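A.B. asks: The following block contains the structure, expressed as structure tokens.
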Amino acid sequence: MEDIMTNYFQTYHNQSNWPPIKKPENRVIEKLENTFLRTIQLDYIQLDNHLMDALNSRKSSKEMRVSKTLDALKLGTLLKWSIGMFEDRRMFPSAGELYTIKCLVAIKDLGGVKSGLYEYIPEHHRIAWLGEYQELKKAFVQEDIDFNVCLVLGSDLDRACQHYGERGYRFSLLEAGHMMQNIMLVASTLELAVAPIGGFKDDVANELSTHENFKSMYLVPIGEYID
1 MEDIMTNYFQ TYHNQSNWPP IKKPENRVIE KLENTFLRTI QLDYIQLDNH
51 LMDALNSRKS SKEMRVSKTL DALKLGTLLK WSIGMFEDRR MFPSAGELYT
101 IKCLVAIKDL GGVKSGLYEY IPEHHRIAWL GEYQELKKAF VQEDIDFNVC
151 LVLGSDLDRA CQHYGERGYR FSLLEAGHMM QNIMLVASTL ELAVAPIGGF
201 KDDVANELST HENFKSMYLV PIGEYID
């Protein structure tokens, strides 16, 4: 039974690889006029200014370039407060506290750090050397994105589904989404440009990991915005 379940989510993941972009011939915007719907006007209170600023300034843009000020300290700060640990707690939820999403760090141009491929180890707030830098632009559909560092969020789907069966695949996607939102909020505070890229060439991105069953969910280039 486990083999059949494994085949289901593995087959879906492989078949949903990045296809050619298909644009609809006509875009139809439907306006729903539910005049019969009863509504209640809601009020709200202001939140902490720092949180409000982070939420309001959060944005994604592929219009970025290599930053001259992005260094190991800024990268460490980004990773620590978005996907790291503080007082034995992670910064985002995970079903069953399994934390199946790994973060690879492809460093192309970062002050004080050798270019190469690393894996982030949140328990010790370190990056572990995996090998020489491999050009990630080949994995992008839009190949003119320039960056200092690119994070690769991915999951070992077999491990993810050992506990929850096929639903573990959903949980992996949700976990990657939680991580991505944190990354964007912290990046906005650090005035870094980030782009959450979910459409990419899977076969290129998946080859980066030494884990046999690693499946990439997000590519996250980091640099500075082009004004």
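Residues 1 to 227, numbered by the UniProt record's numbering, are exactly what the sequence shown covers, in order.
Note that CB positions come from ideal geometry on N, CA and C, so glycine has one too.
Every value quoted in this text rests on a predicted model; they were computed, and no experiment measured them.
My assumption, with CB atoms under 8 Å, is that ALA195 sits in contact with LEU78. Please give the rounded CB distance.
C.D. replies: Actually they are not in contact, since the Cβ atoms of ALA195 and LEU78 sit about 14 Å apart, beyond 8 Å.
A.B. asks: Comparing C-alpha positions only, which one of GLU207, LYS108, ILE121 and ASN182 sits nearest to MET91?
C.D. replies: Nearest option by C-alpha distance: ASN182.
A.B. asks: Measure the Cβ-Cβ separation of LEU47 and VAL149 and say whether it is below 8 Å.
C.D. replies: Taking 8 Å as the Cβ cut-off, LEU47 and VAL149 do not qualify as a contacting pair.
A.B. asks: Could you give the first and the last residue of the continuous alpha helix (DSSP H) run that contains PHE92?
C.D. replies: Neither: PHE92 is in no alpha helix (DSSP H) and is coded neither H nor E.
A.B. asks: Note down, in chain order, each residue of its chain lying with its Cβ closer than 7 Å to the Cβ of PHE171, except the 5 sequence neighbours on either side.
C.D. replies: Excluding sequence neighbours, PHE171 sits near ALA95, ALA160 and TYR164.
A.B. asks: Do you know whose CA, among GLY111, GLY84, ALA106 and LYS80, lies nearest TYR99's CA?
C.D. replies: Of the candidates GLY111, GLY84, ALA106 and LYS80, the one whose C-alpha sits nearest the C-alpha of TYR99 is GLY84.
A.B. asks: So is VAL141 buried or exposed if we call it buried at 16+ other beta carbons inside 10 Å?
C.D. replies: That one is exposed.
A.B. asks: Might you give, ordered along the chain, the residues of its own chain that have their beta carbon closer than 7 Å to the beta carbon of TRP129, omitting 5 neighbours on each side?
C.D. replies: Taken in chain order, the residues that qualify are GLY116 and TYR118.
A.B. asks: Drop a sphere of 10 angstroms on the beta-carbon of LYS68, count the other beta-carbons inside from all chains shown, and report buried for 16 or more, exposed for fewer.
C.D. replies: By the 10 Å Cβ count, LYS68 comes out exposed.
A.B. asks: Taking the alpha-carbon of HIS125 as reference, which of ALA72, GLU191 and MET180 has the nearest alpha-carbon?
C.D. replies: Cα-wise, what sits closest to HIS125 is ALA72.
A.B. asks: Using only the alpha-carbon positions, how far apart do GLU207 and GLU87 sit?
C.D. replies: Cα-Cα distance, rounded: 34 Å.
A.B. asks: Mind checking who ASP71 pairs with in its DSSP beta bridge?
C.D. replies: For ASP71, which the question treats as bridged, DSSP gives the partners GLY111.
A.B. asks: Per DSSP, GLY154 forms a beta bridge with which residues?
C.D. replies: Answer is LYS102 and SER216, bridged to GLY154.
A.B. asks: Just the C-alpha distance for LEU173 and THR39, rounded to the nearest angstrom, thanks.
C.D. replies: Straight-line Cα distance between these residues: approximately 33 Å.
A.B. asks: Among the candidates ASP203, SER216 and LEU192, whose CA atom is the shortest distance from the CA of SER61?
C.D. replies: Cα-wise, what sits closest to SER61 is LEU192.
A.B. asks: Out of LYS102, ALA54, LEU37 and ASP43, point me to the one whose CA is closest to THR189's CA.
C.D. replies: It is ALA54 whose Cα lies nearest to the Cα of THR189.
A.B. asks: Would you mind reading off the limits of the alpha helix (DSSP H) that contains GLU119?
C.D. replies: Premise fails: GLU119 lies in the beta strand (DSSP E), 116-121, not in any alpha helix (DSSP H).
A.B. asks: Roughly how many angstroms separate the alpha carbons of SER57 and VAL113, rounded to a whole number?
C.D. replies: Each residue's Cα considered, the two are about 28 Å apart.
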